[in-house]
Every structure is written in structure tokens, then in C-alpha cells.
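K.L.:
Number of protein chains: 2
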Amino acid sequence: MTTRWLTPEEQRAWRAYIGAALLVEDALDRQLQQEAGMPHMYYSILSTLSESPERRLRMTDLAERLKITRSRLTYAVTRLEKDGLVRREDCRWDKRGSVAILTDEGMRVLEGAAPGHVETVRSLLFDRLTPEQVGQLEEIFTAVGEGFQGGTAQATGDDVPWRRRSSKSCS
Amino acid sequence: MTTRWLTPEEQRAWRAYIGAALLVEDALDRQLQQEAGMPHMYYSILSTLSESPERRLRMTDLAERLKITRSRLTYAVTRLEKDGLVRREDCRWDKRGSVAILTDEGMRVLEGAAPGHVETVRSLLFDRLTPEQVGQLEEIFTAVGEGFQGGTAQATGDDVPWRRRSSKSCS
DNA sequence: CGGGCTTGGTTAAAGTTTGAAACAAACTTA
DNA sequence: TAAGTTTGTTTCAAACTTTAACCAAGCCCG
């Protein structure tokens, strides 16, 4: 089949998106690196843990929510553990498993970094959008995200490497 | 001043965006790594060069268009040069400068990879959006991107590290 | 029970990105 | 024009990500 190239509108949208998304992530990383000494993803790890019951989550669940690989998470948690912001514990129900737990210190650091982070997100993104656009943004990326639930694979109807299964809480 | 936290709508939009953007970038990287042996950013470098007059661009201009640091670009171009896809030449007008040039081999590789890449972009993004949403996407990220033109700096009205100046073409 | 497959998590090596110097050419200006 | 500053690019080390094993614990079924 002959390639369906992008239409001019699609090209403009794609370029605007790719460029701005990169700038936003960079700015976010820089801001958090300055004020909290960690990149955005690490902040997200703390943040996700803080919202979980007992501030704890199994590694696989955490990876799944953050949409990152287990290996990447292992590395990150090891670093955060060294910094005393997260602690690991063995899962009592499944001896293979381990749980990441946000420490009090981690909670403090998170709370200290949150205002600056939110302010940045706001100034980069929401301050520039109308309320309608905020709604559109949500719809667009919800739609895009859903594409990853059912195995969209391209040309070669391959196996889907991004889908992940779930596991019991193990609180 | 007390923090202006995100509203529930903003939170939903932010989460949908962060998650999906990550998945998209990952999928793009994986697809290009498979089919072209390079990450998305490297592909963008080739692509940008291919659209420039004489397929050449000064390092700084290239970095600016791609919204990446010069250092990152240097590393990438060094690798692409090793692979024979790009060639460097000294700038005749400004002896400090150097130009990156897409080689014929680079052009071939790019052309070979383009269809698969476009197909992926389409299946991940545009196939899931209505034409109106494509328009909204462009507007949203154009607005966001414009925020980086005038120095938006946050809380501490600091110096702006992302703004870059321009330089002569040096064709 | 006892292989053999799957799952949860880590590890090692290679590749990439970052951020702060280092350098050298170009510009400014006294 | 020498001294100081800015600009274009590279370099280096440290931090991070990826990929592909690897290992142990659960699971399945004859």
C-alpha cells in the first residue's frame, strides 16, 4: 500500500506538538532539577506513591501507572532509596514481589517541591490555554492513550510491547 | 503567594497528556530503532536537514529548530557521521562555525524510513482524532510553544536558558 | 511430584542526555 | 590594537535510559 503522507494540517499540528512537548519536558526537568534535585519522572514516582494507600505500591504497578519499563523504575527507585526518599520492602504475599514506599522524608521533599512544580506547569501550559482548550487537551490525549490499550501495532501486526498486565495490591 | 493548585479538569488533562505523550514518544523511538536503527530525535535531524536548502544547516540553527541543546546535537551528529548519514564541513564565513550536511546515503536511509514512521504517527495519533481535534492540537501546542519565545520564567524571574538567537545561513 | 512456561524484579553493558567547563574565533571598545 | 567579552562548538564526567539477559518464585498439567 502506498504511504498516506500527512496532510498540511496534520504536519502543522505534528510539528507544533513535537516541538512544544519537548520544550515543556525540558523546562519541567530543569525546574525540578533546580528546586528538588531530581528529574520530572522521579518527582512523578514520589507523587504517585504519595497518593496511594499507605504510600506504597508494588514495583510493577508503579511502572504501569507511570508508563515506564520495570528496569527504568528499578534504577530510579534505587537512586531515590539512596537519597532516603523511598524505601523498599518485600511483598508478603508474593515472595517475588517488592513494594516501594514513600518515606516521611520523601513526603517532605515532595511537599516542598510541589508548589514550584505546579506553578511551572501552570505557567507553561494552563496559563496559555482557554478552559475549552483544557477540555480539548484532555479529550485528545485520552483518545491517544486509549490506543495503547488494545494493541494498535502498525504495518506488521506484531506483538504489543507496551501493554502490561495488573497485579494484586499487596498493601 | 499561596499556590494555585490545578483544578480537577486541569489535573485530568495534565495526566492524560503526560501519560500519552510518554507512550507516543516511546512507540516512536521503538519503531524507528527497529526499522532505521536510530531514535526519533536522530530521525528528526535527518529530516530537518533534508528540507533545508542544499541539505545543509549550521549546527546552531539545527539545534534551534529541533529545540535541543548544542551539546546534544554534537553527540548525535557525531554518531550519524560515523554511520555515514551526515557529513560535517567548516563554515566558510565564520571560522568558528560548522555545518551539518545530509549525505546521499543519509537521504536514502531517511527515505527508506519515512513511510514506516509516518504510518506510526498516523496510527498513534491522527487515526484517533477528528479533523477538528487536529486543528485544536495545533492551536494548543502553538500557544504553548509561543510561551517559550518571550521568556516566561517562573517564580524567580530568572534568566531564560531556552531562548536562542539566530545566525546567518552560511549555505 | 517434576519438568516447563510465565511473572516480578534486578543486573550489566551499551547508548544517550545533561551541564558545566574548555577553546578558539569574532566582536567591542577604550 | 591589546584586553575583555560574546558567540559557536566541542569535550568530559556524571546521570539516566534501553535492551537483553538473568534469576527466583509462582503456576500448570501430565
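So the sequence lines, in the order shown, correspond to chains A and B.
Going from the first sequence to my numbering is simple: count from 1 and add 356.
Going from the second sequence to my numbering is simple: count from 1 and add 356.
We put the CB at the ideal spot given by N, CA and C, even for glycine.
1) Just reading off the alpha helix (DSSP H) that I496/B is part of, what are its end residues?
2) Do you know how far the Cα of F497/B is from the Cα of E536/B?
3) Against chain A, does R520/B count as a neighbour if the rule is that its beta carbon must be under 7 Å from one of theirs?
4) Kindly indicate which residue of G453/A, R448/A, S408/A and E365/A has the alpha-carbon position closest to the one of T430/A.
5) I need the boundaries of the alpha helix (DSSP H) containing L436/B, first residue and last residue.
6) Counting only Cβ pairs nearer than 7 Å, list the residues of chain B close to L485/A.
7) Taking the alpha-carbon of G468/B as reference, which of E391/B, W361/B and E381/B has the nearest alpha-carbon?
8) Write down every uninterrupted run of the beta strand (DSSP E) in the segment 363 to 396 of chain A whose length is 3 residues or greater and which is fully enclosed by it, in chain order.
9) Measure the alpha-carbon distance for L378/B versus S479/B and round it to whole angstroms.
10) Going by the beta-carbon positions, is the gap between L388/B and H396/B smaller than 7 Å?
11) To the nearest whole angstrom, what separates the beta carbons of A456/A and R412/A, a pair I think is in contact under 8 Å?
12) Have a look at E495/A, H473/A, V442/A and P487/A and flag the residue whose alpha-carbon is nearest the alpha-carbon of V380/A.
13) Where DSSP assigns a beta bridge to W457/B, which residues make up the other side?
14) According to the neighbour-count rule (16 or more other Cβ atoms, all chains shown, within 10 Å of its Cβ), is T359/A buried or exposed?
15) Chain A beta carbons: is any one of them nearer than 7 Å to that of A304/B?
16) My guess is that Q489/B and Q492/A are in contact by the Cβ rule of under 8 Å, so how many angstroms apart are they, rounded?
17) What whole-angstrom Cβ distance do L481/A and V477/B have, given they're in contact under 8 Å?
18) How many Å lie between M394/B and L466/A at the Cα?
19) Roughly how many whole angstroms lie between the Cα atoms of Y398/A and L436/A?
20) Counting only beta-carbon separations shorter than 7 Å, does M357/A have a partner in chain B?
21) Between G503/B, K451/B and T459/B, which lies nearest to R443/B when the distance is taken from Cα to Cα?
P.N.:
From the atom records:
1) Here residue 496/B refers to the residue found at position 140 when the second sequence is read from its first residue. P487 to E502 is the span of the alpha helix (DSSP H), which, as asked, contains I496/B.
2) Chain B is shown only over 357 to 527; residue 536/B falls outside these bounds and no answer can be derived.
3) Along the second sequence, read from residue 1 onward, the residue named residue 520/B stands at position 164. Reliability of the predicted coordinates at R520/B is poor, the pLDDT of 37 falling under 50, and the value obtained from them is presented with this limitation in mind. It does not: the Cβ of R520/B has no partner Cβ on chain A nearer than 7 Å.
4) Within the first sequence, the letter at position 74 stands for residue 430/A. Taking only the C-alpha atoms, the option nearest T430/A is G453/A.
5) Translated into the one-based positions of the second sequence, residue 436/B becomes position 80. Unbroken alpha helix (DSSP H) run through L436/B: R426 to K438.
6) Position 129 of the first sequence, counted from the start, is the residue given in the question as residue 485/A. Correct list: I496 and A499.
7) The count along the second sequence starts at 1 and reaches residue 468/B at position 112. For G468/B, the nearest C-alpha among the options comes from E391/B.
8) none
9) Taking the second sequence and counting its residues from 1, the one referred to as residue 378/B is at position 22. Taking the second sequence and counting its residues from 1, the one referred to as residue 479/B is at position 123. Rounded to the nearest angstrom, the two C-alpha atoms are 16 Å apart.
10) Here residue 388/B is taken as the residue at index 32 of the second sequence, counted from 1. Here residue 396/B is taken as the residue at index 40 of the second sequence, counted from 1. The answer is yes: Cβ separation under 7 Å.
11) Against the first sequence, residue 456/A aligns to sequence position 100. Against the first sequence, residue 412/A aligns to sequence position 56. Sure, about 7 Å apart at Cβ, within 8 Å.
12) Position 24 of the first sequence, counted from the first residue, corresponds to residue 380/A. It is H473/A whose Cα lies nearest to the Cα of V380/A.
13) Along the second sequence, one-based indexing puts residue 457/B at 101. Trp is not the amino acid found at residue 457/B; the sequence shown has Ile there. Answer is R412/B and R443/B, bridged to I457/B.
14) Here the question's residue 359/A lines up with position 3 in the first sequence. Under this definition T359/A is an exposed residue.
15) Lying before the first or after the last residue shown, residue 304/B is absent from chain B, which here runs from 357 to 527.
16) Start at 1 with the first residue of the second sequence, and residue 489/B comes out as number 133. Start at 1 with the first residue of the first sequence, and residue 492/A comes out as number 136. The Cβ separation is near 7 Å, so the contact holds.
17) Position 125 of the first sequence, counting from 1, holds the residue named residue 481/A. Position 121 of the second sequence, counting from 1, holds the residue named residue 477/B. About 22 Å separates the two Cβ atoms, so there is no contact after all.
18) Working through the second sequence from its first residue, we reach residue 394/B at position 38. Working through the first sequence from its first residue, we reach residue 466/A at position 110. M394/B and L466/A: Cα-Cα distance of roughly 36 Å.
19) For the purposes of this step, residue 398/A is identified with residue 42 of the first sequence, where counting begins at 1. For the purposes of this step, residue 436/A is identified with residue 80 of the first sequence, where counting begins at 1. Their Cα atoms are separated by approximately 8 Å.
20) For this step, residue 357/A is matched to residue 1 along the first sequence. No - not a single Cβ of chain B is within 7 Å of the one on M357/A.
21) As a first step, residue 443/B is located in the second sequence; it is residue number 87 there, counting from the start. That would be T459/B, whose Cα lies nearest to the Cα of R443/B.
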